[in-house]
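*Asks:* With full-length UniProt numbering, the residue at position 199 of the sequence shown is 199, and numbering never jumps. Glycine included, each C-beta is placed from N, C-alpha and C at the ideal position.
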Amino acid sequence: MHMKPSSVANPLYYLHNFHQLLDWVADRYADLLSHEEQHFITTFARLEEPSQALLVRLIMRKGPHFRADKLAYTEIGDIKGAAAPLIAMNWLQNDAQLDSNTLFSLLSRNELINLAHSAGHPPHARKAELQPWLQRQFPDGCGWAALGLETEVYSLALGALCDRLRLLFFGNLSQTWAEFVLVDQGIFRYPNIPIDRHSRGFHSRAAIDDYLAIHHSSDALEAGISALDVLAQLQPLHSDSTWLAQRHARLRFRLARQLEREGARQEAWDIYTTCNYPGSRLRRIRMLEQQADWSAAWALCQQPGSTATDDAEQQLIARAQVRLAGKLGLARPQPEITAETRTSSLTLPVVDTCVELAVSTHLHSPLSPVHFVENSLFNGLFGLLCWEALYAPMPGAFFHPFQSAPADLYQPDFVTRRQHLFEQCMARLNDGSYLTCIRQNRQQLQGLQSPFLDWRILRADLLESALHCLPAGHLQAIFQRMLADLRNNRSGFPDLIQLFPDKARYRLIEVKGPGDRLQDNQRRWLTFAAEHKIPVEVCHVCWESA
Numbered sequence: 001m002h003m004k005p006s007s008v009a010n011p012l013y014y015l016h017n018f019h020q021l022l023d024w025v026a027d028r029y030a031d032l033l034s035h036e037e038q039h040f041i042t043t044f045a046r047l048e049e050p051s052q053a054l055l056v057r058l059i060m061r062k063g064p065h066f067r068a069d070k071l072a073y074t075e076i077g078d079i080k081g082a083a084a085p086l087i088a089m090n091w092l093q094n095d096a097q098l099d100s101n102t103l104f105s106l107l108s109r110n111e112l113i114n115l116a117h118s119a120g121h122p123p124h125a126r127k128a129e130l131q132p133w134l135q136r137q138f139p140d141g142c143g144w145a146a147l148g149l150e151t152e153v154y155s156l157a158l159g160a161l162c163d164r165l166r167l168l169f170f171g172n173l174s175q176t177w178a179e180f181v182l183v184d185q186g187i188f189r190y191p192n193i194p195i196d197r198h199s200r201g202f203h204s205r206a207a208i209d210d211y212l213a214i215h216h217s218s219d220a221l222e223a224g225i226s227a228l229d230v231l232a233q234l235q236p237l238h239s240d241s242t243w244l245a246q247r248h249a250r251l252r253f254r255l256a257r258q259l260e261r262e263g264a265r266q267e268a269w270d271i272y273t274t275c276n277y278p279g280s281r282l283r284r285i286r287m288l289e290q291q292a293d294w295s296a297a298w299a300l301c302q303q304p305g306s307t308a309t310d311d312a313e314q315q316l317i318a319r320a321q322v323r324l325a326g327k328l329g330l331a332r333p334q335p336e337i338t339a340e341t342r343t344s345s346l347t348l349p350v351v352d353t354c355v356e357l358a359v360s361t362h363l364h365s366p367l368s369p370v371h372f373v374e375n376s377l378f379n380g381l382f383g384l385l386c387w388e389a390l391y392a393p394m395p396g397a398f399f400h401p402f403q404s405a406p407a408d409l410y411q412p413d414f415v416t417r418r419q420h421l422f423e424q425c426m427a428r429l430n431d432g433s434y435l436t437c438i439r440q441n442r443q444q445l446q447g448l449q450s451p452f453l454d455w456r457i458l459r460a461d462l463l464e465s466a467l468h469c470l471p472a473g474h475l476q477a478i479f480q481r482m483l484a485d486l487r488n489n490r491s492g493f494p495d496l497i498q499l500f501p502d503k504a505r506y507r508l509i510e511v512k513g514p515g516d517r518l519q520d521n522q523r524r525w526l527t528f529a530a531e532h533k534i535p536v537e538v539c540h541v542c543w544e545s546a
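1) Below 7 Å CB to CB, which residues in the same chain sit around Thr102 once its five sequence neighbours on both sides are set aside?
2) Using a threshold of 8 Å, state whether the C-beta atoms of Ala116 and Trp133 are closer than that.
3) DSSP three-state call for Arg61: helix, strand or coil?
4) State the DSSP-derived secondary structure class of Phe253, mapped to helix, strand or coil.
5) Measure how close the beta-carbons of Leu251 and Ser217 come, nearest whole angstrom, since I'm counting them as under 8 Å.
6) Which residues mark the beginning and the end of the alpha helix (DSSP H) in which residue 555 is found?
7) When we look at the beta-carbon of Ala9 and count the other beta-carbons within 10 Å, is it buried (16 or more) or exposed?
8) Go through its chain and collect everything with a Cβ distance to Leu106's Cβ below 7 Å, but skip five positions before and after it.
9) When you compare only the Cα positions, how much space is there between Cys275 and Thr242?
10) Using the Cα positions of Thr307 and Gln314, report the straight-line distance between them to the nearest angstrom.
11) Taking C-alpha atoms, which residue in His364, Phe402, Asn441 and Glu340 lies nearest to Cys386?
12) Taking only the alpha-carbon atoms, compute the straight-line gap between Asp196 and Asp502 and give it to the nearest angstrom.
13) State the start and end residues of the unbroken alpha helix (DSSP H) segment that holds His362.
14) Is Arg200 close to chain C? Criterion is C-beta to C-beta, closer than 8 Å.
15) Where are the alpha helix (DSSP H) runs, 4 residues long or more, that stay fully inside the region 148–215, in chain order?
16) Looking at the strands, I want to know which residues DSSP matches up with Glu537.
17) Based on Cα-Cα distance, which residue from Tyr434, Ser433, Pro471 and His203 lies nearest to Leu33?
18) Cutting at 8 Å between CB atoms, please list the residues of its own chain near Met394, excluding the five before and the five after it.
19) Excluding the five sequence neighbours on either side, which residues of its own chain have a C-beta within less than 7 Å of the C-beta of Lys127, listed in chain order?
20) Could you check which residue in Gln303, Asn521, Arg507 and Val370 has the C-alpha nearest to that of Leu462?
21) Give a yes or no on whether the C-beta atoms belonging to Phe399 and Gly171 are separated by under 8 Å.
22) Can you say whether Glu510 is buried or exposed, counting buried as having 16 or more other CB atoms within 10 angstroms of its CB?
23) Quick one: what does DSSP say Thr307 is sitting in, helix, strand or coil?
24) If we call anything under 8 Å between Cβ atoms a contact, is Trp298 one with Leu324?
25) Based on the DSSP secondary-structure assignment, which residues constitute the bridge partners of Arg67?
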């Protein structure tokens, strides 16, 4: 089946979208749905349209508690009548126990004043002043009916179930129902990738449960729950999903970092020793350094088979080796000899804009324009050249129509699974056809959502000038480095590019204001650029004295 966009002119557009989501999930996950989920899908379809519409309205609103007198939808009409079947099925509750904070959020100021009048509160009290009284009056909460107000409160009892359905459709819980509206209104446009009915994000019920368990533990950690308490509830994975194993490893690494902060060092150490997430070995080295166990830290740096998993970790471990050699009285490891990056200095008048734009304005001229591009230009050129490979309909890459990127973009085997496609794309840099490819893709893909394409930067004039000035060999080197580690090497590019169209030349400029230092990923890119004869410099800026 294919998703058919709804018109927002249709007052029931949201119901149309919800039906499509349910049909999509039922078509692809029939073998994995729980009895509760199957029952909901079939029962929902038999409801009268007003009840369906009311339920979907509440699902898509911030809740889960809603005053009936605040609900008014012309296309639904009688709210109480529409709610009755939902209450009968316990999908809505009108007698839920509400805690004092929920009561406070639902009550108006005047209602609170009337309730608190007998306690001697002045009639002109601000609403916030009445919250302590409400908490004392109802320490354990109460049902809404106990307040004696005329209206009802409906409590949505399907939150967890609807989250699971949303997870099955999107493959994540970061995307919301709003995606449908943004597409319906033409605000977002996503790549049109063929998706057959066998394409889905989960292939076992265990994988669904694993995702939810990881998500809930992550939420608990972010909410400030003790890391020890989160650790006690953390379950091992029950599925063989590679990408869930990565999410689980990342959660365990975050958990170990928080355990360190809370002083639970042994528990943190135990996680690091069994966690293959990048940075785990480095954290163990740092913990040993903090204990002044220099020998053990040095041994861990030198441990056979413990090579760093990426350039960033390798860079940090190399620094640790230098520190530890000094502590142990050993010869300090000699850094690799690298090409030096050119530096320059500017003293500029104080301006209200950012330092990068100040330098751009200062250096700009009609014959040598300067553009503030950061990561966007080279990411865009790469995305336009390699679109065919990046957005190939590979198994496990695309499984719903609102994806701006393949789901496996940062998986270790992303490039190798598409190796022949990337080779074909990169070969265009050798025969000159890359120019036509990039231009055509820019025209055809204009406006699509993609982490590679920032359309504010990829203007036709800048693109044409950049293609004229950037040698294919430089693009080849830069793109190969990006492919080596898409997660880390898509960032760190210099801030500015200055183009010299008359000479078909360019230079990249990293701008550093007073007190600003180069970040590690910037240092790695600058070193790479210098080694490959890519023209780059670091411009240090000082402000003129008043």
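*Replies:* According to the data block:
1) Within the same chain, Thr102 has close Cβ partners His65.
2) Yes, the Cβ-Cβ distance between Ala116 and Trp133 is below 8 Å.
3) In this structure, Arg61 counts as coil in the three-state DSSP scheme.
4) Phe253 falls in the helix class under three-state DSSP.
5) Confirmed, about 6 Å.
6) The structure shown has nothing for residue 555, since the chain only spans 1 to 546.
7) Exposed, because fewer than 16 other Cβ atoms sit within 10 Å of the Cβ of Ala9.
8) Excluding residues within five positions, the ones whose Cβ falls inside 7 Å are His65, Arg67 and Val153.
9) So the two alpha carbons sit approximately 14 Å from each other.
10) With a pLDDT of 48 at Thr307, under the threshold of 50, the modelled position of this residue cannot be trusted, and the question is left open.
11) It is Asn441 whose Cα lies nearest to the Cα of Cys386.
12) Straight-line Cα distance between these residues: approximately 50 Å.
13) Taken as a continuous stretch (DSSP letters only), the alpha helix (DSSP H) holding His362 covers Val355 to Leu363.
14) The structure shown contains no chain C; it is built from a single protein chain.
15) DSSP runs (the alpha helix (DSSP H)) wholly in the region 148–215: 159–170 and 178–184.
16) DSSP output for Glu537 lists Arg342 and Ile509 as bridge partner(s).
17) Taking Leu33 as reference, the option from Tyr434, Ser433, Pro471 and His203 with the minimal CA-CA separation is His203.
18) Result list for Met394: Pro406, Asp408, Arg417 and Arg418, in chain order.
19) If the five residues before and after Lys127 are omitted, its C-beta is found closer than 7 Å to the C-beta atoms of Arg109 and Leu112, all from its own chain and listed in chain order.
20) Closest by alpha carbon: Val370.
21) It is a contact, given that the beta carbons lie within the stated cut-off.
22) Around the beta carbon of Glu510, 16 or more other beta carbons lie within 10 angstroms, which makes this residue buried.
23) The pLDDT assigned to Thr307 is 48, lower than 50, so where the model puts this residue is not dependable; a value taken from the coordinates is nonetheless given after this. DSSP places Thr307 in coil when its eight states are reduced to three.
24) With respect to Leu324, Trp298 sits close: the two C-beta atoms are nearer than 8 Å.
25) Looking at the DSSP assignment, Arg67 forms a beta bridge with Val153.
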